[in-house]
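Below is one structure, written out as structure tokens, with a few remarks after it.
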Amino acid sequence: MVRYAGIEGGGTTWRVAIAEGDPRNIIARETFDTRGPEETLQDIVDWLKANGPFDAMGVATFGPVDPNPNSEYYGYITNTPKKLWNFADVLGTFKRAFPGVPAAFDTDVNAPALAEFSFNAAEGDTSCMYVTVGTGVGVGLVINSKTVHGLVHPEGGHLKLPRRPQDINGAFDCSCSFHGDCVEGICASGALAAFKGCKPSDLPSLSDDDDVWDSFAHTMGGLCASAILLCSPERIVLSGGVLKRASLFPKVRAKCKEFLADYVTHEKVLGDMEDYIVPSEWGNDAGIIGSTNLAKVALEGEAPTPQKKRRKRFYIGLVAMSIAIPVAVTVGVIAGYAFAPA
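Take 0 as the starting number for the sequence shown in numbering that gives the first Met the number 0 and just add one per residue.
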């Protein structure tokens, strides 16, 4: 039976798993604290060697990363705020340790976005957005059935959005060292803790009606509304440690609708959005399943998607047209000669 290795790199921990038969069927896993790249990656290599063999591997890490296979830095973490990991050759480390094993690489949010799309999208959908909120805020996008890369990859957690009036003018110290009050600077666990003057580990003990969650919902709802207006995803999945609090979802949906102001009239966003802005059914396993699914992508060369099925019909149509048009022209010419006046 086919076996997939998945590696998920985070700022606090790295996770590694083996799935058998299906990327969701995880049969072995381990977690390692994030230290320097040499120590951390070697621990993962050793674990994989002890738990192998496997047929393909998927690697998904925090960013920024270089996802361009034609770049000399493909598979690297690049200019990350985590200084020890600046230009760490993550994918190369694993490819050297397991030569000949097919491998795929992406961000730790694009990978679960693709898995959510591949396994949980409605029939006919071609898009999905995945957001995770913990020590940072990451956004993964699938558009036209493929993860979005472009210049690099989505960094939606660093969008700057309108803040609540009561949160302006130093109401709390924003946690993003690059942008201050971007989405991550307001919604990440460190920012929420600063808002309350507590430790991030104290956040789960706060009541659901604490004002910090209204501040969070305002910004997260704004992020979802911005994505709807810009990218038009057919489904938005919210995940991560902060979003374990189920009471946040109605608040975020309500704020999203408020930002949209009935401008978008699709049925998915006209109601209460309960089937549109949703939690991941995999909980904290969304990231590692995203990684094992990347291994499946590596092994197959291309993930099967709803759009790919439609392309097949489209190509069949083109072939039929390429045959039909010359035949029709030929028949027309013959008919013209046959019925032309003498």
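Every residue gets a Cβ at the ideal spot worked out from N, C-alpha and C, and that includes glycine.
All values derive from a computational prediction rather than experimental measurement.
May I ask you to report which of helix, strand or coil DSSP gives E273?
coil
Delimiting residues of the alpha helix (DSSP H) encompassing F104
First-last for F104: A102 to T106, but that is the beta strand (DSSP E), not the alpha helix (DSSP H).
DSSP-derived helix/strand/coil call for F86:
coil
Residues bridged to K145 [DSSP beta-bridge criterion]:
I142
Run of the beta strand (DSSP E) containing G289, from where it starts to where it stops:
No beta strand (DSSP E) contains G289, which is instead part of the alpha helix (DSSP H) from A285 to E299.
Could you give the distance in angstroms between the alpha-carbon of T12 and the alpha-carbon of N24?
21 Å
Only counting runs of 4 or more residues, tell me where the alpha helix (DSSP H) segments fall wholly within the segment 202–237, in order along the chain.
210–229
Consult DSSP for D32 and reduce its assignment to one of helix, strand or coil.
strand
Using three-state DSSP, classify C127 as helix, strand or coil.
strand
Are the CB atoms of T134 and A87 within a distance shorter than 9 Å?
no
So what's E280 in DSSP terms, helix, strand or just coil?
coil
V58 lies in the beta strand (DSSP E); which residues open and close that run?
A55 to T60
Mapping the DSSP letters down to three states, classify V268 as helix, strand or coil.
helix
Assign G156 to one of two classes, buried (16 or more other C-beta atoms within 10 Å of its C-beta) or exposed (fewer than that).
buried
Buried or exposed: where does K256 fall if 16 or more other Cβ atoms within 10 Å of its Cβ makes it buried?
buried
If you follow the beta strand (DSSP E) that R252 is part of, which residue opens it and which one closes it?
It is not in any beta strand (DSSP E) - R252 instead sits in the alpha helix (DSSP H) that spans L247 to L259.
Helix, strand or coil for V1? Go by DSSP, reduced to three states.
coil
If you draw a straight line from the C-alpha of R252 to the C-alpha of I276, how long is it?
7 Å
Top-ranked residue by Cα proximity to F61, from A120, D201 and T79:
T79
If you compare alpha carbons, which of G300, S70 and G289 is closest to V58?
G289
Limits of the unbroken alpha helix (DSSP H) element including E115:
N109 to N119
Below 6 Å CB to CB, which residues in the same chain sit around L40 once its five sequence neighbours on both sides are set aside?
T92
CB C342 to CB K159, shorter than 9 Å?
Since the first residue shown for the chain is 0 and the last is 341, residue 342 is missing from the structure and cannot be characterised.
Per DSSP, which one or two residues make a beta bridge with W13?
G8 and F31
Evaluate T218 with the Cβ neighbour count: other Cβ atoms within 10 Å of its Cβ, from every protein chain shown; 16 or more gives buried, anything less gives exposed.
buried
Going by alpha carbons, who is nearest to T125 out of G239, G139 and N143?
N143
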